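Each step along the sequence shown adds one to the number in numbering that gives the first Met the number 0, with nothing skipped, and position 163 is 162.
For every residue, glycine included, the Cβ atom is placed at its ideal position computed from N, Cα and C.
Note that the structure is a prediction, hence the values are computed from the model and not measured.
Here the structure comes first, spelled out in structure tokens, and everything after it is commentary.
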Amino acid sequence: MTFSAMIRKNFLFHAKKYISLYFVNTLIVAILFMFGSLLYNPDILRQVGNTTLYSIVRMALTGVVLFSIVFVTYSNLSFLKYRGKELGMYITLGMTAKDLTRLLLLENLGIAAVSLCSGLITGAVFGKLFYMGLNQILLEHKLRFVLNAGSLLLSGGIFLIIACVNFAFNLIYIRKMSVARILQSAHVRETGVRSSGWGVLALVLFIVSVILLPGTLLHNWFDGNQVVAVICIVLTLICPYVMIGTGINLFKSVMKRFRRFYNHNLLVMSNLSHRLASYTTTLYIVTLLIAGALFFIGMTYSMYAATKETVQRNNPFDVLFVESGKANVMNEPEIAALLADNGDTVLSQNETLEYIALPEFRNFKGKWGMWDTQSMILAERAFNELLGTRYVLAEHQALFARVQLENLDFQVPDTILAAIQPEQAEAMPLDSGGKAELLQDLQGTVIQEYEAAGIAEVSEPYVNWVATASSYFGQALVVDDGVYERLKAAVTAVQIRKVHLLSGNISEAGFTALVDELRERNGYDASYWSTPYRHNLGAEDRMRAEQEAMRPVYRGELLSRELEANGTVFFITMFLGALFIIASGLVLYHKVLSDIDMQKESMASLKRIGVTPKEFQQLVSKELSILFMLPAVFGLGLGYYYFYIAFSNTGVLHGPLGRAAGVAAVFFLLQIAFCFASRRKYFSELGREL
């Protein structure tokens with residue numbers, strides 16, 4: 000038989016076994032192509048300044064590339080180990096390392112070529128569907144699906160690099176292994192961690208870390224020490240590796256107290272103790288993949304589903320605009336009349352809230368530094384009149400008021416307000432050193448000092464949570480009326496501003512009329528305020544940026560922007576999560592099938608002691624069910640826990656947790672499907688042995 004004929008017969012003989020490897024490679028190429036088409040899409044390149052999509056795509060593509068390298072390499076090495084007996088036989092029959100290299104090279108070239116072609120075709124077909132789905136979310140910046148050389152070169156180049164790296168690993172594996180070890184590679188199991196003592200220690204550390212992490216991140220314990228938080232995170236991610244390998248031994252120790260159950264499942268637990276020890280790395284990888292998929296998909300789905308609720312909660316007013324100096328000068332009756340002329344006759348609120356924009360300095364663990372050059376300072380009386388509250392403040396007391404609901408235990412440090420202009424504050428160093436140095440720099444300036452104990456924190460819907468080029472709304476310091484008047488008398492007129500707050504049945508037409516009227520009063524031409532957000536202004540256009548920032552803010556526009564941003568993140572993350580879930584099933588699928596020969600020997604031994612084929616099938620079914628369900632339960636639990644951590648600082652938890660539970664249920668069903676598919680393939684491979 001010639002070498003070419005042997006390669007052809009070998010390839011045809013293993014055709015079914017190559018399918019899973021081909022599927023993995025094709026999937027990777029298709030995903031890379033779809034993300035590459037987004038990265039080089041001309042519509043996105045034109046809209047870089049107006050959309051968050053480009054940065055999202057770049058981060059997602061980086062994640063896909065890193066995952067592809069690890070996953071494809073793992074799949075190839077597992078497949079190579081699965082063929083250990085075959086490769087060892089070739090060496091025994093006289094095939095040299097050079098011949099074996101040629102064999103592997105031709106096989107890898109064949110799989111890579113077919114996978115690359117089918118992956119690009121699949122990517123083009125599904126890419127069109129990908130864009131159709133994405134355009135349903137993008138309300139303003141629609142995208143066209145364009146085939147371009149950049150995406151082809153990116154996906155093809157990255158895949159070929161991964162293929163070359165895998166081939167290099169194959170050569171290293173073959174050249175460094177002896178014939179005996181290659182022949183036994185399919186039978187060699189990982190040792191794993193089997194000591195029950197290590198298992199108990201890992202379990203205790205895991206439980207302690209799970210309890211401490213939320214409280215530490217919310218500053219309830221250890222003053223929010225970041226080192227403690229990092230240690231807890233590392234332990235919650237590492238301890239499962241030890242727990243997986245030793246869990247069955249701990250379980251057996253407990254079950255020995257229940258004699259009937261223990262004797263009835265003795266064979267299953269004995270086999271599982273060996274399997275779990277040898278599958279530790281694989282099960283750990285699958286656990287992390289499932290946890291990552293649930294965390295990212297659950298988080299982005301919850302953010303997208305709750306977008307409207309979040310925008311309304313953080314923006315209690317329909318329209319907000321700032322009156323500063325001679326810009327945006329318009330009184331409340333004029334606003335009501337203008338909106339009435341455009342059909343918006345119902346205004347539940349038409350309020351004006353005066354504030355001072357002052358530099359604020361804070362004490363950061365003994366070092367004083369600039370917190371904000373234009374902090375929002377409110378008078379106690381104005382704050383109470385707007386909200387109908389009854390806060391009473393002494394001269395040395397203040398309220399740190401924010402719109403967002405947060406559970407984080409945040410204590411505002413010692414604070415100094417200085418009646419200087421923002422330009423002067425910007426010229427000062429960010430770190431002023433000690434308090435004496437700061438007071439020296441502020442000598443001759445009207446200031447107001449507050450100790451941390453005199454600043455209380457409250458969450459109230461007094462303004463919208465928005466940021467512009469010159470101002471940030473959502474946090475403010477409420478001070479005593481006397482203090483406010485003293486600071487007000489010491490600042491320039493441009494630092495005394497008014498924020499107009501409107502609520503009611505305000506239509507888009509009414510808002511447009513308000514924008515047009517204010518633009519005309521300000522003397523701006525039609526090029527101003529053409530879009531809600533202008534990010535393409537350079538440093539030399541500072542005055543223009545400040546004028547653009549005076550544009551009124553409309554909650555409807557905020558909602559559209561957030562829906563587009565959150566929807567895009569969710570849509571792209573959904574593909575990454577799906578990739579993780581598919582990978583988790585395939586990794587375990589490869590690992591289970593690579594143990595077929597070992598299982599045949601085990602079956603022969605069990606037959607000799609009287610185990611029937613039916614009993615053996617039941618035994619294998621139980622083992623496979625536990626092998627697939629264990630990482631699913633552990634991974635979903637870990638992902639759900641970190642999902643809870645991510646949302647623990649928000650005021651609303653029930654909604655996001657419920658949505659994440661729905662995603663977890665879908666993932667669990669998919670894992671069950673992988674389990675049944677593996678069991679069917681497993682019994683098919685055993686064939687006549689049953």
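Rounded straight-line distance, which links the Cα of residue j to that of residue i
i: residue 106; j: residue 97; result: 14 angstroms
i: residue 703; j: residue 18; result: The structure shown does not extend to residue 703, since the chain is modelled only from 0 to 689, so the question has no answer here.
i: residue 206; j: residue 660; result: 22 angstroms
i: residue 357; j: residue 416; result: 7 angstroms
i: residue 208; j: residue 676; result: 36 angstroms
i: residue 564; j: residue 273; result: 48 angstroms
i: residue 319; j: residue 61; result: 39 angstroms
i: residue 550; j: residue 214; result: 41 angstroms
i: residue 418; j: residue 470; result: 17 angstroms
i: residue 265; j: residue 669; result: 29 angstroms
i: residue 618; j: residue 86; result: 31 angstroms
i: residue 382; j: residue 395; result: 17 angstroms
i: residue 372; j: residue 465; result: 17 angstroms
i: residue 436; j: residue 486; result: 22 angstroms
i: residue 685; j: residue 595; result: 7 angstroms
i: residue 658; j: residue 421; result: 45 angstroms
Closest by C-alpha distance to residue i, when choosing among the options
i: residue 578; options: 351, 556, 513 and 290; result: 290
i: residue 649; options: 73, 309 and 89; result: 309
i: residue 239; options: 685, 679, 631 and 654; result: 631
i: residue 340; options: 509, 445 and 204; result: 509
i: residue 241; options: 256, 259, 194 and 42; result: 194
i: residue 374; options: 384, 354 and 385; result: 354
i: residue 282; options: 633, 37 and 269; result: 633
i: residue 626; options: 246, 131 and 142; result: 246
i: residue 144; options: 37, 230, 494 and 381; result: 37
i: residue 392; options: 479, 171, 567 and 407; result: 479
i: residue 556; options: 445, 307 and 251; result: 307
i: residue 629; options: 653, 671 and 39; result: 671
Inter-residue CB distance, residue i and residue j (contact presumed, cutoff 8 angstroms)
i: residue 463; j: residue 316; result: 5 angstroms
i: residue 402; j: residue 473; result: 5 angstroms
i: residue 456; j: residue 363; result: Contact flag wrong, Cβ pair sits at about 17 angstroms.
i: residue 154; j: residue 122; result: 7 angstroms
i: residue 161; j: residue 20; result: Not really, about 13 angstroms apart at Cβ, beyond 8 angstroms.
i: residue 24; j: residue 118; result: 7 angstroms
i: residue 680; j: residue 562; result: Not a contact, Cβ separation roughly 43 angstroms.
i: residue 582; j: residue 70; result: 5 angstroms
i: residue 216; j: residue 608; result: Contact doesn't hold; Cβ gap of about 54 angstroms is too wide.
i: residue 575; j: residue 63; result: 7 angstroms
i: residue 477; j: residue 379; result: 6 angstroms
i: residue 243; j: residue 275; result: 6 angstroms
i: residue 337; j: residue 459; result: Wrong, their Cβ atoms sit about 28 angstroms apart, outside the cutoff.
i: residue 600; j: residue 267; result: Their Cβ separation, rounded to whole angstroms, is 18 angstroms, which puts residue 600 and residue 267 out of contact at 8 angstroms.
Exposed unless 16 or more other CB atoms sit within 10 angstroms - verdict on residue i
i: residue 507; result: exposed
i: residue 700; result: Since the first and last residues shown for the chain are 0 and 689, residue 700 lies out of range.
i: residue 542; result: exposed
i: residue 75; result: buried
i: residue 534; result: For residue 534, the predicted model reports a pLDDT of 48, less than 50, meaning its position is unreliable and no value from the coordinates is stated.
i: residue 104; result: exposed
i: residue 257; result: exposed
i: residue 519; result: exposed
i: residue 674; result: buried
i: residue 4; result: exposed
i: residue 570; result: buried
i: residue 447; result: buried
i: residue 311; result: exposed
i: residue 279; result: buried
i: residue 263; result: exposed
i: residue 546; result: buried
i: residue 530; result: exposed
i: residue 114; result: buried
i: residue 41; result: exposed
i: residue 332; result: exposed
i: residue 589; result: buried
i: residue 302; result: buried
i: residue 494; result: buried
i: residue 48; result: Low per-residue confidence applies at residue 48: pLDDT is 46, beneath 50, and the placement is therefore not dependable, though the value from the model is reported in the following sentence. Per the 10 Å Cβ criterion, exposed.
3-residue-minimum beta strand (DSSP E) runs that sit fully inside the stretch 359-436, ordered along the chain: Counting only runs of 3 or more, we get 366-378, 397-401, 414-417 and 430-432.
At what residue ranges does the stretch 580-665 contain a whole run of the alpha helix (DSSP H), taking only runs of 4 or more? Runs found: 595-607 and 612-646.
Can you check the stretch 297-330 for any alpha helix (DSSP H) of at least 4 residues that lies completely inside it and give the ranges in chain order? Complete alpha helix (DSSP H) runs here, min 4: 306-313.
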